[in-house]
Each structure stands twice: as C-alpha cells, then as structure tokens.
Amino acid sequence: MRHTVKVLHMTTLHHPLDPRIYYKQCASLKRAGYDVTLLAPVPTNTEEGEVPFEPLPKYSNRWKGLLFGTVRAYFRAKKQKADIYHIHDPELLPVGWLLKNKRNHVIYDIHEDYETGIVQRQYFTRPVRQLIASVYKKVEAFCTRRMELILAEKYYLEKYPQGLCVLNYPILQEKLTGIDRSFHQADGLLYTGNVTKDRGAVQHAALPALDESLQVHLYGYCPESLAAEMKQRAGTHEGRLHLHGEGRYVPKAEIDAAYAQSGWLAGIALFPPSEHYMKKELTKFFEYMAAGLPVICSDYPKWQTFMDTYQCGICVNPDSEGDIRDAINYLRQNPEEAKTMGERGRKAVQNYLNWGHEEKKLTNLYDRLNGIEAGEYSDN
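Each step along the sequence shown adds one to the number in full-length UniProt numbering, with nothing skipped, and position 6 is 6.
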C-alpha cells in the first residue's frame with residue numbers, strides 16, 4: 001500500500017515552501033497516499049501544513065551552509081530510513097549517493113541547467129568557472145548512476161535522455177483562472193520570481209522611465225544591494241518601481257494575491273541574452289497565462305516560438321527602449337487584443353499546461369519504483 005512508503009524530500013538551498021517542492025510535489029504525493037516529509041532549513045515562523053518538516057538549521061554564510069548544512073542533511077536523512085529520497089540541490093548529490101542502497105530509491109530533481117549556470121556566474125574568472133563546471137559534470141555523472149532523474153525543463157533531455165520531465169506548470173486556481181480581465185486604462189507591469197541581473201533586473205528597473213503612467217511591480221526576493229542599484233537606475237522614476245521582495249522571501253500566497261489584482265497590462269520577462277535561459281520555458285510564462293495576462297518577454301528564438309504557438313504575448317529586444325515601448329503601446333491601444341492574448345494563454349494552461357498533468361507523471365514514477373500498479377507511464 002502507498003501509505004507504507006516513506007518519502008523524504010530534501011533541500012538545503014530552497015525555501016521550505018518552494019512552490020515546486022512543497023506545494024506541487026510534496027503535496028501531490030501526500031494526497032496520493034505516500035508518507036511524505038520535507039527536510040529543509042525551516043525559519044521559526046514557517047507554519048507547517050499538510051506535509052511535515054524535518055528542520056535543518058539555516059546558515060547565513062553560503063559556504064558554511066554548503067559544508068555543514070550538507071553534512072547535517074546526510075545524518076538527519078539517514079535516521080529517517082526512507083524508502084525514497086528525493087533531492088533537489090546539486091550539493092546533495094554526494095548525500096544521495098551515500099544514502100542509496102539496495103532497499104531504497106534516490107531521485108535527483110534537476111531544477112536548473114547547473115553546468116551552464118556555473119559558467120555564467122560572475123564569482124570567479126571564466127577559466128575557473130569552466131573548471132568548476134567540468135568537475136561538477138563529472139561528479140554529477142558519477143553520483144547519479146544509480147539515481148532516477150526528474151527534469152524541470154524539456155530541453156534538459158538533451159543532456160539527460162534517461163530523465164523524466166515533470167514540468168513546472170502552475171496549479172490551477174479558480175480565483176485566478178476565473179478573473180475577467182479588463183485592459184482599458186491598465187498601467188501595471190508585473191514580474192514574479194527571484195530578482196537578479198541575469199533575470200532582467202537592470203532592464204526592468206529602466207521601465208518606469210519609458211512612460212510616466214507605468215507602474216512596475218516585482219514580486220520576488222531581491223538582495224538589498226541589487227535593490228539599491230535598481231532604484232538608482234530608475235532615478236527620478238523610482239517611485240513607480242515597486243520591489244515587493246527587497247531583502248525577503250515572498251511567499252506563494254502573496255504572489256497569488258498579486259496575480260489576482262486588476263490593473264495589470266502584462267506580465268514581463270525582459271531577460272538579457274543568456275545561454276542559461278534562452279532554451280527555457282519560464283515558469284512565470286505559465287503563471288502569467290493562467291492569470292489571463294499577455295506576456296512581454298525577450299526575443300530569444302525559443303521564447304518567440306512559444307509566443308507564436310500560443311499567441312499569448314509579444315517578444316522584444318530587451319535592450320531596445322523603442323521595441324519595449326511599442327509593445328506596451330500596442331497592448332494599451334488594443335485592449336481587446338490584449339484580453340484575447342490573455343484568454344488564449346489561460347485556455348492553454350487550463351487545457352494542458354497545468355500541474356494536474358505533471359502530477360500524474362510524478363505519482364506514476366513513484367508507483368513504478370514501488371511496484372504499485374499505476375496508470376500509463378510517460379517519459380516526456
């Protein structure tokens with residue numbers, strides 16, 4: 001029976017209420033009858049929901065967390081004696097390798113293209129980054145030989161053809177999918193997700209200067225140093241740049257409440273050129289679509305194809321003020337077309353780009369690992 005199968009999800013890097021980990025995967029498995037616990041750094045003010053926590057201490061220093069947090073995670077996890085260990089961070093690969101034995105299963109959930117991401121980080125010189133990425137690739141290949149792989153993005157199949165795509169599509173919520181949007185006199189641009197330079201912080205900070213009536217809202221963790229830089233970039237227009245996650249984690253409920261508000265003109269994702277993101281279908285695309293919002297995003301070929309397929313947004317050169325202004329003006333001057341774009345996107349999410357379909361793939365994998373008869377199993 002499913003309820004006898006003990007599952008431990010593990011993260012030392014993500015927030016314990018990370019939507020993919022907690023609200024999607026852990027909650028879905030719990031509802032499916034699995035005995036699920038989440039091992040994670042848990043702030044004292046985090047309320048425990050349907051999935052219980054196995055708390056880890058949270059380290060303010062990233063390197064201490066990498067060393068001591070990982071060691072603590074291993075010993076806490078080992079005591080759990082789980083049937084399935086599901087790890088969500090690359091630093092937990094050695095932990096997963098140590099935990100694996102003949103009586104259990106270990107799943108590595110690949111949230112990011114870490115090899116490419118390491119090369120693009122600016123912490124070290126490029127040769128050092130390339131060396132670290134090469135070492136990571138070898139460690140990953142060794143540690144995952146006896147692991148199941150879950151992939152958050154379709155293109156990761158290029159690197160991990162043995163993996164199972166469980167995509168980060170949104171959970172359908174009637175309070176969002178039922179909104180009747182009006183784009184007449186809309187003046188708000190909405191961004192959700194962590195705020196970083198490679199996710200367009202500089203480009204988004206420049207938006208208020210394009211039009212005196214624009215209000216730009218970003219919901220997601222933004223380091224205080226970057227927030228100061230963005231405000232300086234906005235200059236005299238700083239009052240219309242709203243950073244709702246300055247120095248703090250923004251919970252899912254707050255982001256959902258933002259989506260439910262009226263007055264939005266579009267969801268935005270003006271990312272600068274980046275190999276790390278140009279092949280990804282951003283989670284925020286699907287969330288904007290679910291909320292009935294048209295999308296204004298960078299003109300990566302993959303993103304252009306996505307927008308052409310679903311006819312739900314406009315792609316622009318993220319460094320061209322003219323392109324961005326034209327897109328904003330088009331939506332403003334054509335409110336009915338903006339509404340139609342939003343409805344096309346919402347319909348696509350309601351029909352197939354939603355967590356309900358991905359949930360089945362996740363539970364089918366778990367059932368298969370435990371010899372439980374399940375529905376049709378899909379590997380993409």
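Note that the Cβ used here is the ideal one computed from N, Cα and C, for glycine as well.
Note that this is a predicted model, so its numbers are computed, not measured.
At a Cβ-Cβ threshold of 8 Å, Leu56 and His9 do not count as neighbours. For Ala291, the secondary structure class from DSSP, reduced to helix, strand or coil, is coil.
Sorting Ala209, Ala27, Gly239, Thr309 by C-alpha distance to the C-alpha of Ile171 places Ala27 at the top.
Residue pairing by DSSP puts Leu8 in a beta bridge opposite Thr37, Tyr85. Listed in chain order, the beta strand (DSSP E) runs fully inside the segment 97–135 are 105–110, counting runs of at least 3 residues. Here Gln162 is exposed, its C-beta having fewer than 16 other C-beta atoms within 10 Å. Within the segment 43–75, the complete beta strand (DSSP E) runs of at least 3 residues fall at 53–56. Here Ser298 carries a strand assignment [DSSP, helix/strand/coil]. In the structure shown, Thr192 falls within a strand segment according to DSSP collapsed to helix, strand and coil.
Taking the Cα positions, Met230 is about 30 Å away from Arg181. Beta-bridge pairing by DSSP links His242 to His217. Under a 10 Å Cβ-count criterion, Glu153 is classified as buried, with 16 or more other Cβ atoms of the shown protein chains found around its own Cβ. In the structure shown, Val95 falls within a helical segment according to DSSP collapsed to helix, strand and coil. Burial state of Gln215 is buried, judged by a 10 Å Cβ sphere holding 16 or more other Cβ atoms. The Cβ atoms of Gly245 and Tyr277 lie no closer than 8 Å to each other. Within its own chain, the residues whose Cβ lies closer than 7 Å to the Cβ of Ala201, once the five positions on either side in sequence are excluded, are Val195, Leu226, Met230, listed in chain order. In this structure, the straight-line span from the alpha carbon of Tyr114 to that of Leu157 is close to 14 Å.
In the DSSP secondary-structure assignment, Val316 is bridged to Ser298. Around the CB of Val316, 16 or more other CB atoms lie within 10 Å, so the residue is classed as buried. Judged by DSSP secondary structure, Ala32 falls outside any beta strand (DSSP E); it is assigned neither H nor E. Here the segment 340–356 does not lie against the segment 316–329, with fewer than 3 beta-carbon pairs under 8 Å apart. Rounded to whole angstroms, the separation of the alpha carbons of Lys175 and Asp89 is 32 Å. Note that the segment 261–274 touches the segment 291–301; at least 3 beta-carbon pairs, one per stretch, sit closer than 8 Å.
Excluding five sequence positions before and after Val36, the CB atoms of its chain that fall closer than 6 Å to its own CB belong to Val7, Cys26, Leu29, Lys30, Val51, given in chain order. Between Arg199 and Met289, the gap from beta carbon to beta carbon reaches 8 Å or more.
In this structure, the straight-line span from the alpha carbon of Met307 to that of Val5 is close to 41 Å.
Residue pairing of Leu167 in beta bridges, as defined by DSSP: absent, with no partner found.
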